[in-house]
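Please read the structure below before turning to the comments.
In my numbering, the protein residues as written are 149 to 615.
Spelled out as structure tokens, the structure:
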């Protein structure tokens, strides 16, 4: 209602000055003056004094109405402040339930929910609240510094207990785990790690270097770790890791020494080697090669003054090479060309330095005792590159570029010397075409005949490079 002017001849009983009415409502006079337009208050203003008066009956009705609202309704502000519930949660509840009696008054614009519905809302939300003694899943991962997959394994194995699924204070859906259970598991995890470290236990990858060179097969050592042959091992209980079994260094060394002593005492290297070959099913196409290889190893053992343990190790490596070559050889080595020999040496199946060295030594022996198709003499050496700290200046780079790209200067020597041709081609790709080392090494082997190159006449008007 608006404020009416009070004439001098008006005599209205029960009027209260604005400041007295404001005291009764426990608000300021200015606040009450602003509320006059949004409430049912009837107000009057004295024309002479300009003082404002409120009709007492309206004031009483307003107080009674306010008391009734407080008794029957909760405002959203009250719920937010008292129960620390987010506004989004209240909106979601109202949207899903739309309680009867929901209202908003002009006097304060507060959204009011009948108490019987508001209490249901509070109970429903509070029951879904994550308890204070729980930790959200993502925080558990951060605390333990583990990946998502490792965390999921912990959950599947039941180490973290039953999860609580509900909402946090922000109304976001969460999965949480009991803090006490998490702390207890982390303590067990850390103690187990300390125990493994203090005892000097090794996983199978760490133990590879302890084994003889011919026995450093990670897969075989992995199976050995899980076979129970070691007298001092530990199977993890709490740590989620790829390595399930740890063995003490002393136990591994004892096992290796006992095995070597057994070989040295019970079997001679030549007998061991020849008996092992007899047990291998050798394809007919490589039987001649294997026969020459047998002679080569027997001759090596006879002329070698090393201990039985070392010779048994060498014989074991030779047997291992034969088994690998069974997969690679489709004909005798004497029928291999130089290109085929190079591909054989680079094969990923010959994945150890020992395999490559033994094969190259045998190739040199084979070339002496048999008529071989391959011509080159092969050797194996580790080349240590000297790192230069200084970079080339531009003028020097241009000189190198011009020298490398001068085909007439290099072609004749490249035809005569295959090693020179390979080096020249490698440097050309690097310097002229800016290819990286890895790109050059991954170039496929292509027979030039398949791309139409059958003689050097092709290069009179063509090149293999676009530059």
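C-beta atoms are modelled at their ideal positions from N, C-alpha and C, and glycine is treated no differently.
Run of the alpha helix (DSSP H) containing residue i, from where it starts to where it stops
i: residue 391; result: First-last for residue 391: undefined, no H or E at that position.
i: residue 441; result: 435–450
i: residue 496; result: Here residue 496 belongs to no alpha helix (DSSP H), and DSSP marks it neither H nor E.
i: residue 518; result: Where residue 518 is concerned, there is no enclosing alpha helix (DSSP H), given that its DSSP letter is neither H nor E.
i: residue 552; result: 542–553
Rounded distance between the beta-carbons of residue j and residue i, thought under 8 Å
i: residue 510; j: residue 441; result: 6 Å
i: residue 575; j: residue 552; result: 6 Å
i: residue 181; j: residue 221; result: The pair is not a contact, with the Cβ atoms about 26 Å apart (cut-off 8 Å).
i: residue 579; j: residue 549; result: 6 Å
i: residue 420; j: residue 463; result: 5 Å
i: residue 386; j: residue 399; result: The pair is not a contact, with the Cβ atoms about 22 Å apart (cut-off 8 Å).
i: residue 163; j: residue 204; result: 7 Å
i: residue 224; j: residue 258; result: 7 Å
i: residue 513; j: residue 444; result: 5 Å
i: residue 347; j: residue 396; result: 6 Å
i: residue 434; j: residue 480; result: 6 Å
i: residue 438; j: residue 418; result: The pair is not a contact, with the Cβ atoms about 16 Å apart (cut-off 8 Å).
i: residue 483; j: residue 521; result: 6 Å
i: residue 344; j: residue 394; result: 5 Å
i: residue 451; j: residue 459; result: About 11 Å separates the two Cβ atoms, so there is no contact after all.
Alpha-carbon spacing of residue i relative to residue j, whole angstroms
i: residue 349; j: residue 428; result: 37 Å
i: residue 331; j: residue 302; result: 14 Å
i: residue 366; j: residue 358; result: 12 Å
i: residue 405; j: residue 502; result: 21 Å
i: residue 201; j: residue 166; result: 5 Å
i: residue 562; j: residue 506; result: 30 Å
i: residue 499; j: residue 554; result: 38 Å
i: residue 215; j: residue 282; result: 40 Å
i: residue 424; j: residue 570; result: 40 Å
i: residue 610; j: residue 556; result: 14 Å
i: residue 352; j: residue 391; result: 8 Å
i: residue 294; j: residue 461; result: 42 Å
i: residue 454; j: residue 474; result: 29 Å
i: residue 524; j: residue 496; result: 22 Å
i: residue 328; j: residue 383; result: 26 Å
i: residue 206; j: residue 192; result: 12 Å
i: residue 622; j: residue 577; result: Residue 622 lies beyond the stretch modelled for the chain, which goes from 149 to 615, so this question has no answer here.
i: residue 325; j: residue 342; result: 25 Å
i: residue 199; j: residue 322; result: 59 Å
i: residue 333; j: residue 309; result: 10 Å
i: residue 306; j: residue 388; result: 12 Å
i: residue 210; j: residue 176; result: 16 Å
i: residue 527; j: residue 286; result: 57 Å
i: residue 432; j: residue 292; result: 59 Å
i: residue 335; j: residue 284; result: 19 Å
i: residue 416; j: residue 422; result: 10 Å
i: residue 608; j: residue 560; result: 14 Å
i: residue 486; j: residue 565; result: 13 Å
i: residue 168; j: residue 280; result: 48 Å
i: residue 312; j: residue 376; result: 40 Å
i: residue 585; j: residue 355; result: 33 Å
N-terminal and C-terminal residue of the beta strand (DSSP E) that residue i is part of
i: residue 191; result: 191–194
i: residue 261; result: 259–262
i: residue 223; result: 221–223
i: residue 431; result: No beta strand (DSSP E) holds residue 431; DSSP gives it neither H nor E.
i: residue 164; result: 163–165
Backbone secondary structure at residue i - three-state DSSP
i: residue 202; result: strand
i: residue 584; result: coil
i: residue 366; result: helix
i: residue 533; result: In this prediction, residue 533 scores a pLDDT of 48, lower than 50, which makes its location untrustworthy; the coordinate-derived value is nonetheless stated afterwards. Here residue 533 sits in coil by DSSP.
i: residue 404; result: helix
i: residue 569; result: helix
i: residue 574; result: helix
i: residue 385; result: coil
i: residue 324; result: strand
i: residue 176; result: coil
i: residue 476; result: helix
i: residue 218; result: helix
i: residue 349; result: strand
i: residue 396; result: strand
i: residue 373; result: helix
i: residue 92; result: In the structure as shown, the chain begins at 149 and stops at 615. Residue 92 is therefore absent and cannot be evaluated.
i: residue 357; result: helix
i: residue 484; result: coil
i: residue 280; result: coil
i: residue 212; result: helix
i: residue 416; result: coil
**Asked** In the stretch 283–322, which residue ranges form an unbroken beta strand (DSSP E) of at least 3 residues, counting only runs that do not cross its ends?
**Response** 312–315
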